[in-house]
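Just add 34 to wherever you are in the sequence shown, counting from 1, and you've got my numbering. The C-beta atom is built at its ideal place from N, Cα and C for all residues, glycine as well. On a predicted model such as this, the values are computed, not experimentally measured, just so you know. Notes for the one structure printed next.
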Amino acid sequence: MAFIEAKCKNCGGDIRLDENMTHGRCEYCGTEFVKSDMIVHNNYAIQNATLVLNEEDVTEQMFINAETYLTTLRDYTKAFETYRMITQSKVNDYRGWWGLVRSLSHNFTVFQCSEQDYTQMRSYANNAIQLAQSPEKDTLVQQWNNYRQQVESYLASRNAEFARQMAEQQAKARRATQRRHLRRIIPDMLSIAVNIVVVCYCLTISLWPLHYQHDPTPLIYIGSALAINAVLAVIFQLVGSAPECFIFQVIATLTVLAYTGYHFAADGNPDTTVLIVGIIVVSIGGLLAAAVFLVFPLLVYRHLTKKSRL
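Structure follows, in structure tokens:
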């Protein structure tokens, strides 16, 4: 078990300390002391014997141990821990702070360190340089400046590389966004163009003279329009287009059915009631046709896509 023993500077006798361990009186010559005037030793009880070590000797031995860890064994972790204990017990010795710098830098051989480690080393180096005296101080400044320049050069190049990579990632993200927008725009424009052609053509057919009203050709074209829209629905779903593009298909299909139904209902100049009923019936049929030719392909495609993912 360790304890503290104080010796009298005059006669070498033991000093009896007070309760606060700050004042004492020699048991032999009666001289009174304060703590700063005492010679303090570390004492360790080893096998019923007392080993007396001077505090300066203990510190110097710790320096030797730390240097051995650092230069001979290259155990930089233990070297750092030993130097840190020295700085806690002897703050005014620059060698302890400088040893922390040497331990973190692996004795100035590692330049690829993090910002946090470099900040810590810079703080320790400033403490060591501030406490050191010439000519040691000049040596520390020169050695630290040489190491600092290489570390800062590495950190600057690393930050520049990181900034370059971030810029590339942002550029890729912008290009991907543009491609997504393009993939949404192209199907929309294609859907508009195709359905305009289909609607105009079918409406033109619906304006034939009345003696052609029983010709099945308009119905064939209406069925073709529905089939084209069904194919477009699947294609647009494959390319990942926006859901809005399907609205054009529904509008085009219902327009063709309603307008054509109006002409069929108006055959023979029926009265208004018959005309309205005919339009309603054809519109309902158009909705059912749109559901079959537009919604059903989407459901089939989603089922196949989900099954392939599994």
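Where the alpha helix (DSSP H) containing residue i begins and where it ends
i    : result
D151 : E149 to L165
V135 : Y128 to L138
R118 : Y110 to S123
Spatial neighbours of residue i in its chain, beta-carbon cut-off 8 Å, leaving aside the 5 residues before and after
i    : result
K124 : T93 and G130
A166 : Y128, W132 and L174
N126 : L165
Y246 : Because Y246 sits at a pLDDT of 48, beneath the cut-off of 50, its placement in the model cannot be relied upon, and the point is left open.
Cα-Cα separation between residue i and residue j, rounded to whole angstroms
i    : j    : result
N76  : T143 : Summary for N76: the model assigns pLDDT 49, below 50, so the residue's position carries little reliability; its value from the coordinates is reported in the next sentence. C-alpha separation (whole angstroms): 37 Å.
K171 : Q164 : 8 Å
L32  : F196 : The requested residue 32 does not occur in the structure, where the chain is confined to residues 35 to 344.
T102 : H140 : 13 Å
D91  : D151 : 31 Å
N180 : S187 : 11 Å
E66  : D109 : 47 Å
L104 : R118 : 13 Å
M155 : A194 : 22 Å
S168 : F97  : 21 Å
Q122 : Y158 : 13 Å
R213 : R182 : 46 Å
S191 : A207 : 24 Å
G58  : T111 : 41 Å
E202 : N160 : 38 Å
A210 : F145 : 38 Å
Q176 : A205 : 43 Å
W178 : Q95  : 26 Å
Buried or exposed (CB count within 10 angstroms, at least 16 for buried), residue i
i    : result
I120 : buried
R198 : exposed
A79  : Confidence at A79 is low in this model, with a pLDDT of 44, below 50, so the placement of that residue should be treated as unreliable; the coordinate-derived value is given next. Exposed, by the Cβ-count rule.
L134 : buried
T116 : buried
A113 : buried
M200 : exposed
L107 : exposed
M72  : Interpretation of M72 is limited by its pLDDT of 43, a score under 50 that renders its predicted location unreliable; no figure is taken from the coordinates.
Spatial neighbours of residue i in its chain, beta-carbon cut-off 7 Å, leaving aside the 5 residues before and after
i    : result
C147 : V185
A162 : Y128, W131, W132, V135 and L174
L189 : E149 and Y152
Identity of the residue in the options nearest residue i by Cα
i    : options             : result
A100 : A207, S137 and N179 : S137
Cutoff 7 Å: residue i Cβ touching any chain D Cβ
i    : result
Q199 : Here chain D cannot be found, since the structure has a single protein chain.
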